[in-house]
Amino acid sequence: MASAIPLIGGIPAGPELLIILLVLVLLFGANKIPKLARSTGQAMGEFRKGREQVEEELQQMQGDDDDESPIETESTVDNGDDELETDKETRA
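Counting from -15, one number per residue, gives the positions in the sequence shown under this note's numbering.
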């Protein structure tokens, strides 16, 4: 039986994490890393707020649909039953 081998390993830890941090310091410099982290955090916060707003709007829309009474829904739908009833009355 063949086992699934992931192409990319798990979350880096220990020495792998240190190497990644060292490369980041060399590429961006020690002064820019806090700014990058801060801007990444702000972007994630904005994304979460936007997602929550969309979820709230969807819930409100679903709540509005549930609040409608069945009488209103039935009166707006024309399914042609009126013609069937008049035909039955004329036949009787």
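Note that CB positions come from ideal geometry on N, CA and C, so glycine has one too. Since the structure is predicted, the reported quantities are computational estimates derived from the model, not experimental observations.
Reduced DSSP secondary structure (H/G/I, E/B, other) of residue i
i, result
"I(-5)", "coil"
"A21", "helix"
"G34", "helix"
"A14", "coil"
"D48", "helix"
Distance, residue j Cα to residue i Cα
i, j, result
"G25", "E39", "21 Å"
"I17", "A27", "15 Å"
"I3", "S23", "23 Å"
"D49", "G29", "31 Å"
"P(-4)", "A14", "21 Å"
"G(-2)", "L8", "16 Å"
"L1", "L10", "14 Å"
"K33", "Q46", "20 Å"
"L6", "G(-6)", "19 Å"
"R35", "Q44", "14 Å"
Whether residue i touches residue j by CB criterion (9 Å)
i, j, result
"L78", "F31", "Outside the modelled stretch of the chain, which goes from -15 to 76, sits residue 78, for which no answer is possible."
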